[in-house]
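**Student:** Heads up: the sequence lines are chains A and B, in that order. Mapping to the working numbering: the first sequence position 4 is 4, numbers consecutive. Mapping to the working numbering: the second sequence position 12 is 1012, numbers consecutive.
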Amino acid sequence: MQAAAAAFPAPTASGSGPLLTGDLSVLTKKPKRSIQSKALTGIAGFDEITGGGLPRSRTTLLVGGPGSGKTVLALQFLAHGARACNEPGIFVAFEERSKRIVGNAESFGWSLAESQRKKKLYFMDAQPRHDLVQSGDFDLSGMLAALEAKTREMKAKRIVFDALDVVLALLPDVTAERREIYRLHAWLLARELTGIITLKSGADETNSISQQPFGFMQFMVDCAVILNHSVVLGVSQRSLRVQKYRGSGFDENESAFLIGNSGFDVAVAHTLSRVDAKVSNERVSSGIARLDTMLGGGYYRGASVLITGFSGTAKTTLSGAFAEAACRRGERTMFVCFDTNSTEVIRNLLSVGIHLDRYVKSGRLRMISARAITGSAETYLVRIKALAKEHGARCVVIDPVSAWSKSGNDLSTQSVADRLIDWSKGEGTTLVCTSLLDEMSGQGEGGSQLQISALVDTWIHLNYLIQAGERNRGLSIVKSRGTTHSNQVRELILSDAGVTLADTYTAGGEVLMGTLRWEKERAERGVHEAAEVAAKLKRVRLDAEEAELEVRLKSLQTELVAKQVEKALLVRTTQSDKGELSRGRTQMKELRGADAAIPARKPGPP
Amino acid sequence: MSRRARFRFRLYIAGDALNSTQALANLTALCRTRLPDRHEIEVVDVFREPERALADGIFMTPTLLRLAPPPVRRIVGTLSRMQPVLQALGLDAIAA
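#1: Of the residues that make up the stretch 1070-1081 of chain B, which ones have a beta carbon closer than 8 Å to any beta carbon in chain A?
#2: Report the option in B:1065, B:1059 and B:1013 whose CA atom is closest to the CA atom of residue 164 of chain A.
#3: Tell me which same chain residues have a C-beta within less than 8 Å of the C-beta of residue 1035 of chain B, skipping the five on either side of it?
#4: For residue 521 of chain A, is the beta carbon positioned less than 6 Å from some heavy atom of the ligand FAD?
#5: Strictly under 7 Å for the Cβ-Cβ distance: is residue 132 of chain A near chain B by that measure?
#6: Which residues in the same chain as residue 68 of chain A place their Cβ atom closer than 6 Å to its Cβ, once the five residues preceding and following it in sequence are excluded?
#7: Mind checking the stretch 1036-1069 of chain B against chain A and listing, in chain order, the residues whose C-beta falls within less than 8 Å of any C-beta there?
#8: Please classify residue 43 of chain A as buried or exposed, where buried requires at least 16 other C-beta atoms within 10 Å of its C-beta.
#9: Should residue 1029 of chain B be flagged as near chain A, meaning a C-beta pair shorter than 7 Å?
#10: Return the chain-ordered list of same chain residues with a C-beta closer than 8 Å to the C-beta of residue 591 of chain A, the five sequence neighbours on each side being excluded.
#11: In chain order, what residues of the stretch 1006-1019 of chain B put their CB closer than 7 Å to some CB of chain A?
#12: Starting from the beta carbon of residue 1025 of chain B, find every residue of chain A whose beta carbon is closer than 9 Å, and list them in chain order.
#13: Which residues does DSSP list as the beta-bridge partners of residue 229 of chain A?
#14: Can a CB atom of chain B be found closer than 7 Å to the CB of residue 219 of chain A?
#15: How close, in whole Å, do the beta carbons of residue 366 of chain A and residue 334 of chain A come, if the pair is a contact with beta carbons under 8 Å?
#16: Take residue 238 of chain A and list the residues in its own chain whose beta-carbon comes closer than 6 Å to its own, dropping the five residues that flank it on each side.
#17: Which two residues bound the contiguous alpha helix (DSSP H) that contains residue 196 of chain A?
#18: Going by DSSP in three states, residue 158 of chain A sits in which element: helix, strand or coil?
#19: Going by beta carbon distance, what residues of the same chain come within less than 6 Å of residue 498 of chain A, once the five residues before and after it are set aside?
#20: According to the Cβ coordinates, are residue 110 of chain A and residue 79 of chain A closer than 7 Å?
#21: Per the DSSP calculation, residue 476 of chain A is bridged to which residue(s)?
#22: Give a yes or no on whether 7 Å exceeds the smallest Cβ distance from residue 388 of chain A to chain B.
#23: Taking the C-alpha atoms as reference points, what is the distance between residue 117 of chain A and residue 1042 of chain B?
#24: In angstroms with no decimal places, state the Cα-to-Cα distance between residue 1027 of chain B and residue 1079 of chain B.
#25: How about residue 288 of chain A and residue 321 of chain A: are their beta carbons less than 7 Å apart?
#26: Measuring CB to CB, does residue 395 of chain A end up less than 7 Å from residue 306 of chain A?
#27: Does the beta-carbon of residue 124 of chain A have 16 or more other beta-carbons within 10 angstroms, so that it is buried, or is it exposed?
#28: Would you say residue 137 of chain A lies against chain B (beta-carbon separation less than 7 Å)?
#29: Taking buried to mean at least 16 other C-beta atoms within 10 Å of its own C-beta, is residue 126 of chain A buried or exposed?
#30: Rounded to whole angstroms, what's the CA-CA distance from residue 50 of chain A to residue 71 of chain A? Just pull it up for me.
#31: Do you know offhand how far residue 113 of chain A's Cα is from residue 500 of chain A's?
#32: Quick check: residue 186 of chain A and residue 1050 of chain B, are their CB atoms within less than 7 Å of each other?
#33: At which residue ranges does the stretch 85-155 of chain A contain complete beta strand (DSSP E) runs of 3 or more residues, listed in the order of the chain?
#34: Taking residue 399 of chain A as the reference, which of A:364, A:281, A:66 and A:370 has the closest Cα?
#35: Tell me whether the beta-carbon of residue 180 of chain A lies closer than 7 Å to the beta-carbon of residue 137 of chain A.
#36: Could you tell me which of A:486, A:362, A:503 and A:483 sits nearest to residue 492 of chain A, measuring between CA atoms?
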C-alpha cells in the first residue's frame, strides 16, 4: 500500500499534472477567430450563419445550379467590400460579359459604377473567345499575371472567379484542370486574397458536390457553400448551406434565402446569441374596450398576438379594430390582407363601425393586398419586413398568416412564422396575426396549423357555438403571457355600432349565447326587478311598523309623564295632608290649651 | 490572301514556363519553314508586361496573336498540333 502510494504521486504531480492542465486550457479556449479573420459579405443572415463572413485570405467555393444566385452572392461580397470595408475587389467574369453583370445588378443599388470609378472594383472579362483555336498545352499564367498587376495597382483584397468551370472546360484533361486549380489556389493564398470561386453544379445534383468533376476542389478550399434552387409545387424555394468552414463554427443547416430588392437576404432563425429584444410594459388597446379589460389593460407593446378561428368568426374584424385603435393613437400601422382585397376589407369593416378609410387617406395606415404576391413564404416575410420598414410601422396586422402554408410552403412556413415573430419582437412592433383553422379539424380549440401558438404572447380563439338554431361567436383568451386575463368565454357581438363583448351565461354546464343569453338575461332581469320591488315593499312596511312603534312609544311616553305628574301630585298631596293634620292637631291643642303634649312627643320606654 | 503578305505575330508567354518555351520554338520553326523572310515575331512576357496582356485580353499562356494579315487570330497552346495552327493562320493552302 504505502509503496504504491509513494510510487504514484511523483508522476501525477510533476509529470502528467501540468500536461493535463495545459491540454484543458486548449480545450476550454475555443479557437475563436476574431472578426478580423473574416471578411464580411454584407449579406444579412449570411454573416450570421458564418459568424462574421468568409474566411479572410482564404478561398471559398460557391457551388450551385443554373440561376441559383452564385454570381449575385459573389458580386454582393465584392460590392460590400468596396463600399463598406475599404477592401477593393476584382471580379473575373468567365461566363457573362461584365457589362451585363453590372447592368443586371443595377437594381440592387450597390453603386457598382461608382465603386468602379473610384477604382475599388474592377471587372475583368475573361470569357473564352469563340474563335479561339487550341493547339497543345496551355495554362492560366497569363490571367494570373494580369491579375497580379491589377491587384497591386488597386491594393485589392477580394477577388471573385465567376464560373471557373467555363475556363476549366477548355483544358484538355482532368490532370490539366487540377493543375490549374492548384495554380489558382496557390496564387490566391500567396497573395492573401479573400477569394470566391463559383462553379456550376448539375441541374439535379445540388446537394453533394463531391460527385462533380471539380469535387476535389471542395477538399482544397477552406470554405464551401452550396446554393440550391428548387421548385416545390410551383413555388420557387431557394436555400443555401455552408458545407464546410475550416477553423470556424457555422450554422450547418440549410437556410432559406431570397434575392430581393437589395440582393441576398438569408433567413436566419435567431439563435441563443441574439440580443434579447427590449421588453415594454406599455399596453396598447386591442380596439375593443372589454377585450382590453379581459387582458388586464390590452396587449403589450411589441407583443405578438394570434387570433385563431374558423372562417367567418370575425378574425378580420378583431384585427381591424386593433388597427383602427393604433391609428387613432397616431401610430403608423400596416395591414396585410391575404384573403381579400384591401378595399373590400375596408368596406366590410365599415359595416361594423370600424373606419379605416380615413387613416388610409391620411397615409397613417397602409393596406396591402398580398393576394397578388405569389411566391414562397420566404418572399412574403421579406416583402412584409421591407414594407413595414418603408412605412415605419409600429403595428402590423397580417390577416391571415395561415395563407402562407398554402401551395408548397408547408416546410418553410413554420420557420418563416418563427422569424416573423422574432423580427417583430426585435423591432418592437406589435404584431397581430390571424390564423384560419381548418373547418375539418373539429370544434376543439386545436392548435393553429402553423404551430406558432407556442411562440405568440397572446392567443385569442374565436369559435362558433351552435345552439337553439343559432350560430354565435364566442371569444376566449387561450393564453396571454405576463398579464392576468379573464378565463371566461365572452360572446362577440358585431353591430354597426361596433364590436362588443358580452358575458355569456353558463347554465347546467352549457354556455348560453345569442337569444338564449338574451332570454336568460331577460329572465334574470325579471327576477331582479321582482326582488327589487319586494324589497321596496318590505321597506315601506317596515317603515310603517317603525312609525307605528314610534307613535306608540310617544303616546306611552306622554302617558308616562302624565302618570309621573299624577304620582308627584299624589305625594305632594299626601305630605301636605299629613302636615295639615299635625299642624291642625297642634293648633287644636293650642286652641284647647292642653299640656299633655310632651309625653305624646317623647314616647317613653314601654 | 496574297503569297507576298507579311505575317506579324505576337506571342504571349509566361516567363520560362515549359509550354511557353515550346510555343516559341514551334512558332520559330513554323515561320522558318513556311514564311521565310516575311514574318515578324514579338514576344511578350505576361509577368513583365501584365498590362499588355490585360489590354489584349490574354488569360491563357501561351497565346499567339496573328496581327497581320487581318483579321486578328488567336491560338492558345504550345502550337504542337500543326494542323489546327496552319488552318487558323491560313497557311494550310500554302502547304498544299
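By construction, the Cβ of each residue, glycine as well, lies at the ideal position given by its N, Cα and C atoms.
**Tutor:** With the structure as the only source:
#1: 1073, 1074, 1075, 1076, 1077, 1078, 1079, 1080 and 1081
#2: B:1059
#3: 1007 and 1091
#4: Although the ligand FAD was asked about, the structure shown includes no ligands whatsoever.
#5: Taking 7 Å as the CB threshold, residue 132 of chain A lines the interface with chain B.
#6: 227 and 229
#7: 1046, 1047, 1050, 1051, 1053, 1054, 1057, 1058, 1059, 1060, 1061, 1062 and 1063
#8: buried
#9: Residue 1029 of chain B does not count as touching chain A.
#10: none
#11: 1012, 1014, 1017 and 1019
#12: Within 9 Å Cβ-Cβ: nothing; residue 1025 of chain B doesn't reach chain A, min ~12 Å.
#13: A:238
#14: Taking Cβ atoms only, chain B never reaches closer than 7 Å to residue 219 of chain A, which makes this a no.
#15: The distance from the Cβ of residue 366 of chain A to that of residue 334 of chain A is about 5 Å, consistent with a contact at the 8 Å cut-off.
#16: 229 and 257
#17: Membership of residue 196 of chain A in any alpha helix (DSSP H) is not indicated; the residue belongs instead to the beta strand (DSSP E) covering 194-200.
#18: Under the three-state reduction of DSSP output, residue 158 of chain A falls in the strand class.
#19: 353
#20: yes
#21: For residue 476 of chain A, which the question treats as bridged, DSSP gives the partners A:461.
#22: no
#23: 33 Å
#24: 7 Å
#25: yes
#26: no
#27: Residue 124 of chain A is buried by the Cβ-count criterion.
#28: yes
#29: buried
#30: Taking the straight line joining both Cα atoms gives about 19 Å.
#31: Going from the Cα of residue 113 of chain A to the Cα of residue 500 of chain A covers about 59 Å.
#32: Not closer than 7 Å, so no.
#33: Entirely contained in the stretch 85-155 of chain A, the beta strand (DSSP E) runs reaching 3 residues are, in chain order, 89-93 and 121-125.
#34: A:370
#35: No. Outside cutoff.
#36: A:503
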